[in-house]
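A short write-up of the structure that comes next.
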Amino acid sequence: MKKYLLFLFFLIPQMTYSQHYVNKIIPTTFGNINATNIYLFNGQYVVQGIFGNNQSCIFDISQDLSTSQHYIYDSTVFSRAPFNIIDNKIFAFSKNRFLGKGLEILNFNNKYEIISKKNIETLGDYNFPTSSINNGSFLYNSFFYLQNNVYKFGLNKISLDGQTQWTRSFETQSKYIYPWDINYSLSHHILTSYSIAYEGIFGTFARVLKVDTMGIEVWKSDTLMNVESGGAAVWMTELSDSNIFLTYKVNKFFDPEFFNLHPYPPTYIWLDKNGKKVKELVLKIDHDNEVYISELKSGKGDYFYVYGQLTIYNDDHFNDFYGFITKYANNGDTIWTHTYRHPSYNQEDYFHYINDLIEEDNGDLTVLGSIAPIGGKNEVWVFRVNSEGCFGTDSCYQFTLGDHDVIKPDAIEISCYPNPTKGIVTLTGLPVSVTYNIQIYSIGGWLMDSYKERNPSNIDLGHLDSGVYVIQISDKKITYTLKVVKQ
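When we follow numbering that gives the first Met the number 0, the leftmost residue of the sequence shown carries the number 0, and every step to the right adds one.
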């Protein structure tokens, strides 16, 4: 393995709001880098990324974000979340792309020189690393491997000198499986999230696995339904109250409540410390918008962060892409939510992603993002904002990520009669003294009528053709859905 010469650059200054709050691009004239994670190491920021070939890269960035050095490593590709920083060393979980079974642990000193490399054996004919965490004494790594043309899910425990302590496989009877996040829990266990498909069962599901430090299963979570597809990410973080929060894109394509909304929105799920589902909130995203979540991160208090990209699809076929960060209380209350773009890349059809962040001791956020035109070169984007998500100025754009309730109202059953009807249906069960939005959809999802009414007692379908219709009655807190047959 060859380490290329390092280079020293001054970052391209674009927006300097004060001594601390900055918005900058790291020069990457040497290649197209996908930078996914940022770490604090030896008083500096470390960003890792991969090229589209068989190389990886490390950026060493000064604490004020003013200068950077980069180092390129040949014939290795870092995993999605590869780094563990222990005793002034970096341990990286990676893959030699020239080998089918090329998992390895790389050990870097504080000059970013590789001082050791250990190969990791697994079952199967092919393997690939996903994520890595540590407890200060050992590394715990998640990976998948291919055996008999079926992807399997593995975990291992590696000592700091590169010796494998154990390797375990899980859900070995699955048709498809992919591990995503891995956490070291407050109870000193390992948590992993994964998407899975089972033989003979339609659809893709999400689960969380908890094992002890010997790799023995403690529990599997409830099976969570309607994952958009096998490739949909299942992000997870443990909260300060020991509950587990996870999110993935859920399939609502055939749900009448989402006829006029985005059919594949993110869902937010809370599990208790035993893996039992406590609460689920599906974001209601406008049909012309889309939310892509890059990752989650627990905060230093009773809150957590969700971040990624917000897309607004415009009628002129040019789209607006924004990076976003939302800060939530542990129960899901929104503390703040903001969008971000870089002023030098403020054109339409420029992707802006938030990939990772670090919460500083004073509450500031140091943020790693990516910017790229469609089909174009990635720019590595770093910026710092204050604890309110702002650049220390009044220009701090607040937006609504999605319409959802943190505490759901008591369940209320509403109904209508007669059903089938020749024209007018009478409503029963609706709370009074409320103005409702009423929308009527064809069974194919076309909006046929829409209006507002205070204390509606009936709905007239007389002007509509015979057929099946879906009626949505909503206020600011909840939506009721009825299916009615018009004769």
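All C-beta atoms in this analysis are idealised placements derived from N, C-alpha and C, irrespective of residue type, glycine included. Quantities reported herein were computed from a predicted structural model and do not represent experimental measurements.
Measure the beta-carbon distance from residue 302 to residue 327 and round it to whole angstroms, keeping in mind my assumption that it falls under 8 Å.
6 Å
Supposed close pair residue 338, residue 304 - CB separation, criterion 8 Å:
Going by Cβ atoms, the distance from residue 338 to residue 304 rounds to 14 Å, so no, they are not a contact pair.
Residue 47 lies in the beta strand (DSSP E); which residues open and close that run?
43-49
What would DSSP say about residue 58, mapped onto helix, strand or coil?
strand
Please name the residue or residues paired with residue 440 in a DSSP beta bridge.
446, 469
Using three-state DSSP, classify residue 342 as helix, strand or coil.
helix
Other residues of its chain near residue 27: CB distance less than 6 Å, five sequence neighbours each side excluded
379
Closest by CA to residue 87, which one among 99, 125, 41?
41
Going by DSSP in three states, residue 227 sits in which element: helix, strand or coil?
coil
Taking the beta strand (DSSP E) that residue 86 falls in, what are its first and last residues?
Element bounds for residue 86: n/a, residue is neither H nor E.
Under DSSP, the beta strand (DSSP E) around residue 431 begins and ends at which residues?
That residue, residue 431, is in no beta strand (DSSP E); it is neither H nor E in DSSP.
So if DSSP puts residue 117 in a beta bridge, which residue, or which two residues, is it bridged to?
104
Separation of residue 190 from residue 238, as counted between CA atoms:
12 Å
Anticipated Cβ contact below 8 Å, residue 195 with residue 204, distance rounded
5 Å
Which first and last residues belong to the beta strand (DSSP E) in which residue 128 is found?
125-133
First through last residue of the beta strand (DSSP E) which encompasses residue 372
364-372
Beta-bridge partners of residue 73, as assigned by DSSP:
54
Host beta strand (DSSP E) of residue 176 (start-end)
173-183
From which residue to which residue does the beta strand (DSSP E) around residue 283 run?
Neither: residue 283 is in no beta strand (DSSP E) and is coded neither H nor E.
Can you give me the start and stop residues for the beta strand (DSSP E) that residue 328 sits inside?
318-328
For a quick check, are the C-beta atoms of residue 67 and residue 77 less than 8 Å apart?
no
At which residues does the beta strand (DSSP E) containing residue 379 begin and terminate?
378-384
Going by Cα to Cα distance, which pick from 472, 463, 474, 473 is closest to residue 484?
463
Top-ranked residue by Cα proximity to residue 455, from 138, 434, 115, 136
434
What are the boundary residues of the beta strand (DSSP E) that includes residue 308?
302-312
Beta-carbon within less than 7 Å of residue 457's beta-carbon, same chain only, minus the 5 sequence neighbours each way: which residues are those?
423, 424, 425, 426
Can you give the Cα-Cα distance for residue 169 and residue 460, rounded to whole angstroms?
54 Å
Cβ neighbour criterion (16 or more within 10 Å) applied to residue 152:
buried
Between the alpha carbons of residue 448 and residue 421, how many angstroms are there, rounded?
17 Å
Under 8 Å between the Cβ atoms of residue 480 and residue 255?
yes
Enumerate in chain order the residues of its own chain whose CB-to-CB distance from residue 441 is below 7 Å, with the five nearest sequence positions on each side excluded.
447, 466, 468
Mapping DSSP to helix, strand and coil, what is residue 256?
helix
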